[in-house]
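Start counting the sequence shown at 1; every next residue gets the next number (full-length UniProt numbering).
Even for Gly, the Cβ is constructed at its ideal location relative to N, Cα and C.
Notes follow once the structure below has been shown.
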Amino acid sequence: NQQELTYIRAKREKTILFLCIDLKDTVDQLKTKLCQALDNKKSSDDIRILVDGKREGEYKVLEDVKFLDNSDIVYFVYLQGNGQWEPINVIEPEPADEDEIEEEEPQVIKKEKGKGRA
């Protein structure tokens with residue numbers, strides 16, 4: 001019973017989880033691992049896992065874990081209270097602005113200490 005381990009990234013909004021999965025896992029087992037990693041009281045029934053579709057901005061539901069490759073990105077969404085799945089929403093971090101990184105030195109005016117010369 002040889003394990004076929006691979007590493008994937010699961011994204012939702014600002015969250016990125018790095019998961020080690022067995023390619024023999026079922027999609028349900030993958031969802032369970034995701035729920036355990038999130039530790040947010042969601043069950044595997046509350047989560048849908050999607051992968052990139054053929055065209056950019058298009059997604060399809062993951063049907064079989066064995067098609068995932070190392071470093072693949074999957075997306076997960078939650079079932080909303082109205083019975084609908086939430087849309088995929090991944091917020092990419094904005095590149096830091098060089099100007100914002102360099103904080104300006106605060107201008108400190110030091111009062112001259114000691115006795116002034118007469």
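Quick one: Cα of residue i to Cα of residue j, how far?
{"i": "L68", "j": "A10", "result": "12 angstroms"}
{"i": "D64", "j": "T32", "result": "15 angstroms"}
{"i": "Q84", "j": "L38", "result": "21 angstroms"}
{"i": "V27", "j": "R55", "result": "23 angstroms"}
{"i": "N40", "j": "K66", "result": "26 angstroms"}
{"i": "L30", "j": "E92", "result": "24 angstroms"}
Could you tell me which of the options sits nearest to residue i, measuring between CA atoms?
{"i": "G53", "options": "T15, I88, L17 and E4", "result": "I88"}
{"i": "E94", "options": "S71, K14, L62 and I49", "result": "K14"}
{"i": "L34", "options": "K24, G83 and I47", "result": "I47"}
{"i": "V90", "options": "L17, L5 and T6", "result": "L17"}
{"i": "K24", "options": "N40, L5, L38 and E86", "result": "L5"}
{"i": "G81", "options": "E56, G57 and D45", "result": "D45"}
{"i": "I49", "options": "N40, E86 and N70", "result": "E86"}
My assumption, with CB atoms under 8 angstroms, is that residue i sits in contact with residue j. Please give the rounded CB distance.
{"i": "Q36", "j": "D22", "result": "Wrong, their Cβ atoms sit about 14 angstroms apart, outside the cutoff."}
{"i": "V51", "j": "K60", "result": "6 angstroms"}
Is the segment 9 to 23 touching the segment 71 to 79 in the sense that three or more CB pairs, one from each, lie closer than 8 angstroms?
yes
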